[in-house]
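Structure first, then comments.
There are 2 protein chains.
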Amino acid sequence: MSLEVLILSTRAADYARLLTAAPLPPLALHVAASHTEAEPWLATCEVVLADPPLVRPLLDRMTALRWLQSTYAGVETLTAPGLRRDYQLTNARGVFGEMMAEYVLGYLIMHERRGWQRFLAQRERRWEPAWPGRLRGKTLGLIGVGSIGAEIARVAHCFGLRVLGYTRASEGCPHVDRYFHGDALAEMAAVCDYLAASLPNTDASRHLIDRAVLAALPAHALLINVGRGGTVDEDALVEALQAGRIAGAVLDVFQTEPLPPDHPLWTLPNVIITSHTAALSFPEDIAPLFAENLQRYVAGQELRYRIDFERGY
Amino acid sequence: MSLEVLILSTRAADYARLLTAAPLPPLALHVAASHTEAEPWLATCEVVLADPPLVRPLLDRMTALRWLQSTYAGVETLTAPGLRRDYQLTNARGVFGEMMAEYVLGYLIMHERRGWQRFLAQRERRWEPAWPGRLRGKTLGLIGVGSIGAEIARVAHCFGLRVLGYTRASEGCPHVDRYFHGDALAEMAAVCDYLAASLPNTDASRHLIDRAVLAALPAHALLINVGRGGTVDEDALVEALQAGRIAGAVLDVFQTEPLPPDHPLWTLPNVIITSHTAALSFPEDIAPLFAENLQRYVAGQELRYRIDFERGY
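Line by line, the protein sequences give chains A and B. Take any residue in the first sequence, note its place counting from 1, add 2, and you have its number in the working numbering. Take any residue in the second sequence, note its place counting from 1, add 2, and you have its number in the working numbering.
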């Protein structure tokens, strides 16, 4: 009897193509892009590769489930209180850092170069010779230095940025010039030109960027959030932006997504909204990660990227 | 009798502040932000630090001139046929690469991430979850690998881009993966996802990017020009963009600047116009370079960044 594996993803066809071309143990692979397509395999699948929001309503009916590999980094959909925890949950890790780094550096450069102002001038056929700013010599503070923050730090160093890092305790990234912990987040914020958060959605990260942290930022500072919306107290952010207490914000994630059309963040000056696209799960990246974990699973080895349900990441 | 030095620049006050704080040989420093202010010193100044367009009409009246340090990299204003060549001309070099690299990488990232499309969606309060592209694994071809191209290549490697270089003969940059010379420009273009030019304005660079090179580019390719407008055959570029034969262009420089309001490039889709701001001459960068050359001049040593009037760079 071969291992029953279900793929449940909006990109299921891509995963099927990539996985059938990969070296895998013997298995029965079932492919579903919707709940209807998944229906026949719910009671039999032992291993599931799935987009978290798609699999969540089906969790309780997966009676044979022993391991679920998330296609996303963020798994708060699956670690919420009250949901079952009698299986191994692993997430996607180590594949988002490069896209996140491109995002953060690209948007920092556009901010410095007044890219948006120039883009609007162009629509009026208006030559716009305003002087650009530059990254070199500026200070970037990172809230969270996991695999994503570490990659942002590496590329930031390539551009000659000074990099600060706020972490719970870890100090392992060679591209962070100085670390801050505990109640020192506002202290770090006070010396940042840019502050970038890449934290998961947990109780500990909720509203970590609050009124006090926003008040500590210099008036010319830019906030970037590529982690989860819950990290930022959005009411406090709207107030700080409306009062001009910080220069702007580049936001990929929000407390409610999609961001409601009447939300004030849509139209505040110097706010850039990127609709949760900073780092998507490319099947080309996730499939090899799943294939490797599948080899480990079959061999009875410990899985990589295991989630602690209690901690939430 | 001390050395008579004239500063003639729109940023003259900044230069005066920076130079009086620098270690300099004994000299009489005259500061002018306009022709009127320069008038009293024209016949006596031996050394001039100047913005090329500002100094050009006064050249013939500078009877004591022996050395002119340009605040710009591009000195075609001063090397044009018919102008005097009986003095040493030096330009600004080695200080623009970092800004150029920020520009090129920033605009490449925005192109891949559909930043402009998302920016317009935001103005309609529209969530825009279209998938972004990424730099990693793509190929960037550089036309010209001087100090600017070399810095672009270095940062491009940080992002995991493959870098090709088209040069006259030089192959000295460690961040170029493969070089092309002579008539092989179209051959290089054919394998590029992005093609970026950073050439000075010379007879050799004129319309180097012509119909044949544009035709050789893949349909998904993006052209970037941060050098001088003359490098690109603009008529051929407009045709290629109108026919959709390339994906787009990011243009900082043009055959005529400011770009005339009726020029078709203003309104073509997928063209970004940045009004000659990719790398401006920050007095903070140029003043130390001039101060160092001034020490050399007084000591009778060879000046750095000397321009060959015949070659034009």
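Even glycine gets a Cβ: it sits at the ideal position worked out from N, Cα and C.
Around Y105 of chain A, the beta-carbon contacts reaching into chain B at under 9 Å are I111, R115, P134. With respect to chain B, the C-beta atom of G76 of chain A has no partner C-beta closer than 9 Å.
Note that the C-beta distance between E286 of chain B and D16 of chain B is below 9 Å. Under the 8 Å Cβ criterion, the region 118–131 of chain A does not count as touching the region 140–157 of chain A, having fewer than three qualifying pairs. According to DSSP, N227 of chain B shares a beta bridge with B:A199, B:L253.
Unbroken beta strand (DSSP E) stretches of 3 residues or longer found wholly inside the region 70–135 of chain B: 90–92, given in chain order. Interface annotation, G108 of chain A: in contact with chain B, CB-CB separation under 9 Å.
Beyond the five residues adjoining it in sequence on each side, N227 of chain B comes within less than 7 Å, by CB distance, of A199, T233, V234, L253, D254, V255 in the same chain, given in chain order.
Pairing T73 of chain A with R138 of chain A gives a Cβ-Cβ distance that is not under 9 Å. Boundaries for L267 of chain B: no beta strand (DSSP E) harbours it, and the DSSP string shows neither H nor E there.
With a minimum length of 4 residues, the unbroken runs of alpha helix (DSSP H) contained wholly in the region 141–169 of chain B fall at 149–160. Closest option to G314 of chain B, judged by alpha-carbon separation, among B:S4, B:T81, B:L187, B:L20: B:T81. The secondary-structure analysis by DSSP pairs V234 of chain B across a beta bridge with B:I211. Pairing I248 of chain B with L267 of chain B gives a Cβ-Cβ distance that is not under 9 Å. Excluding its 5 nearest sequence neighbours in each direction, S283 of chain B has C-beta neighbours in its own chain below 7 Å: T73, Y74, A94, listed in chain order. Secondary structure remark: continuous beta strand (DSSP E) runs of at least 3 residues inside the region 35–69 of chain B, in chain order: 49–52.
The three-state reading of DSSP puts R298 of chain A in helix, counting H, G and I together. Against chain A, a Cβ distance below 7 Å from S277 of chain B picks out R120, W129, E130, P131. Note that the region 92–107 of chain B touches the region 101–119 of chain A; at least 3 beta-carbon pairs, one per stretch, sit closer than 8 Å.
Nearest CB-CB separation between W69 of chain B and chain A: not below the 9 Å threshold. A Cβ-Cβ separation of about 14 Å leaves I9 of chain A out of contact with A23 of chain A under the 8 Å criterion.
Under the Cβ criterion of 9 Å, V193 of chain A is not counted among the residues facing chain B.
Within the region 152–176 of chain A, the residues whose Cβ lies closer than 9 Å to any Cβ of chain B are, in chain order, R156, V157, H159, C160, F161, G162. At a cut-off of 9 Å between beta-carbon atoms, L85 of chain A makes no contact with chain B. Excluding the 5 residues flanking it on each side, S4 of chain A has same chain C-beta neighbours closer than 7 Å at P28, L29, A30, in chain order.
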